[in-house]
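To keep things clear, I will list the structure first and then write my remarks on it.
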Amino acid sequence: MPQYKVNDSVRYKPVGGPQSHTSETVGVIKEVLTSPGNLTGRQVQASAENPRYEVPPLP
1 MPQYKVNDSV
11 RYKPVGGPQS
21 HTSETVGVIK
31 EVLTSPGNLT
41 GRQVQASAEN
51 PRYEVPPLP
């Protein structure tokens, strides 16, 4: 089950995961994928247990 839903505001690290030393980004979830498909032009293997989120950064 997805932890977040469309239009949720989130803070995340776009590269390297939560333990990396990269800066955080803030964005709003545009799409939640819970089955295999295309997200931001890439094929992803999403599932209900491992959802994928499209989060464009805020300007």
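Position 23 (the sequence shown) corresponds to 23 in UniProt numbering; numbering is contiguous. From the three backbone atoms N, C-alpha and C, an ideal C-beta is built for every residue, glycine too.
Give the range of the beta strand (DSSP E) segment to which residue 10 is assigned.
9-12
Using only alpha-carbon positions, find the residue among 2, 7, 32 that is nearest to residue 58.
7
Identify the residues that DSSP records as bridge partners of residue 43: which are they?
38
Inspect the beta-carbon positions of residue 24 and residue 54 and report whether they are closer than 8 Å.
no
Cβ-based burial, residue 42 [other Cβ within 10 Å; buried from 16]:
exposed
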